[in-house]
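Each residue of the sequence shown is one higher than the one before, starting from 2 at the first, in our numbering.
By construction, the Cβ of each residue, glycine as well, lies at the ideal position given by its N, Cα and C atoms.
Read through the structure below, which is laid out as structure tokens, and then see the notes.
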Amino acid sequence: MKVKVDRAKRIKNLPPYLFASIDKMKQEAIKNGMDIINLGIGDPDIPTPPNIVKRLQEAVKNEKYHQYPSYEGLLIFRQAVAEWYKKRFNVKLNPEDEVLTLIGSKEGIGHFPLAYINPGDVALVPSPAYPVYNAGTLFAGGQSYIMPLKKKNNFLPDIDAIPARIARKAKIMFINYPNNPTSAVAEREFYERVIKFALKYNIIIAHDAAYSEMYYDNYRPMSFLEIDGAKDVGIEFHSLSKTYNMTGWRIGFAVGNKDIISALGKVKSNLDSGVFEVVQEAGIEALTCDQSIADDIRKIYQERRDILVAGLKSLGMEVEAPKATFYIWLKTPKGFKSADYTARLLNKAGIVTTPGNGFGKDGEGYIRMALTVKKERMLEAIERMKKL
2 MKVKVDRAKR IKNLPPYLFA SIDKMKQEAI KNGMDIINLG IGDPDIPTPP NIVKRLQEAV
62 KNEKYHQYPS YEGLLIFRQA VAEWYKKRFN VKLNPEDEVL TLIGSKEGIG HFPLAYINPG
122 DVALVPSPAY PVYNAGTLFA GGQSYIMPLK KKNNFLPDID AIPARIARKA KIMFINYPNN
182 PTSAVAEREF YERVIKFALK YNIIIAHDAA YSEMYYDNYR PMSFLEIDGA KDVGIEFHSL
242 SKTYNMTGWR IGFAVGNKDI ISALGKVKSN LDSGVFEVVQ EAGIEALTCD QSIADDIRKI
302 YQERRDILVA GLKSLGMEVE APKATFYIWL KTPKGFKSAD YTARLLNKAG IVTTPGNGFG
362 KDGEGYIRMA LTVKKERMLE AIERMKKL
């Protein structure tokens, strides 16, 4: 005899996690003997730079790091973050109370609504978007008000379209530029409007900047915190995962308004025990070493981007070369829905992609491709698609 307990409503209401579903499809195809080209999940195939690996190898010998880490993260790591922000964005941060170490930015974003959202409260969530914005809101008992990202608006939310009655109830607005999955970018004017909106309705802006260092053609995305007044209303999440090919290391950080940082820190101190300090040592190396290592990584992705975009255009597909991120946001051929075209590419060509509607209903009609395979496999993917 087994116990049978109903799952919590918050679990029942959660959609299946998109990337777990894709991985299951991929594994099934591999089991059936198919040679897979995986353009699905955005997980870099390039190894972590050797100087970062070496720093970790040296740090792990230090016995002081074998105990529990500090909840807020090593001060020397937070100082490295502050120095990096000053050099990269000319944004001044106090490492003691305006920087918080995260177990990857996903963890911080997922925990963040717990600091502010009560049951029934509203968060403004873009669609299509990284699924964790909505999931974190649901876990906190909140409701997501969807801000559609449309091509006609350059995949920026139409802030003027948010009803005043919703804005007055909202506590958090999630934004993400450079954007996953659309690869859109935002400029100063957009951030200024967002800050004005936040001040008018007393809303926290939570900006996911995980892809700020993945840019091409000398385009350099800006930080939300560069804008006057941003630190009064917001928090910015960042990650070492994509910039330095450290997805498996699980280290990121949040920066911004010290009261908002403190609130997130209080949640984390009750739910996790911080980042292994050996990994933080590696993070210091990443942030303070010669940043040409990031230039080298960008060159690889830019070459892949150019190959894939040119190939897709040769097939007559509607696609634009992104200024940033390592994603291609591709309009599906006429007559295909997102899930149908994803399934066709997998079953007929062995190509794993991500259906746009998996990021929200406003992603319908698109698929996302990640530039995370070697250029030879990119070319092979195009050849397989030609045969379709």
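By the Cβ test, the stretch 216-233 is in contact with the stretch 297-315, since at least three Cβ pairs between them sit closer than 8 Å. Judged by beta-carbon spacing, L265 lies beyond the 8 Å limit of F140, meaning their Cβ atoms are not closer than that value. Around the beta-carbon of Y86, 16 or more other beta-carbon atoms lie within 10 Å, marking it buried. In this structure, I228 sits away from I262, with a CB-CB distance that is not shorter than 8 Å. Leaving aside the five residues that flank K243 on each side, the residues in its chain whose CB is nearer than 8 Å to its CB run, in chain order, G43, P45, A211, Y212, E214, M215 and F327. Nearest neighbour of K197 by Cα position, chosen from P182, L40, N180 and M174, turns out to be M174. Sequence-distant Cβ neighbours of N91 in its own chain, meaning closer than 8 Å and more than five residues away, are E227. Segment contact: the stretch 326-344 against the stretch 374-384, fewer than three CB-CB distances shorter than 8 Å; contact not assigned.
Distances from the CA of P16 to each of Y134, F78, D7 and H67 were compared; the closest alpha carbon is that of Y134. Contact between P96 and L76 holds: their C-beta atoms lie close to 6 Å from each other, under 8 Å. Within the same chain, and ignoring the five residues on either side of Y66 in sequence, the residues whose Cβ sits closer than 7 Å to its Cβ are A60, E278 and V279.
Taken through DSSP and simplified to helix, strand or coil, M26 comes out as helix. Just so you know, the alpha carbons of G361 and A295 end up roughly 31 Å apart. Here the stretch 145-153 lies against the stretch 125-132, with 3 or more beta-carbon pairs under 8 Å apart. Residue pairing by DSSP puts K332 in a beta bridge opposite Y367. Assignment of E237 by DSSP, reduced to helix, strand and coil, places it in the strand class.
Under DSSP, the beta-bridge partners assigned to G253 are L103 and S240. In this structure, A83 and L101 do not form a Cβ contact; the two beta carbons are roughly 12 Å apart against a cut-off of 8 Å.
Ranking G366, P323 and D273 by CA distance to the CA of T343 puts G366 first. As computed with DSSP, S128 is found in a beta bridge with P149. Q144 is bridged by DSSP to V123.
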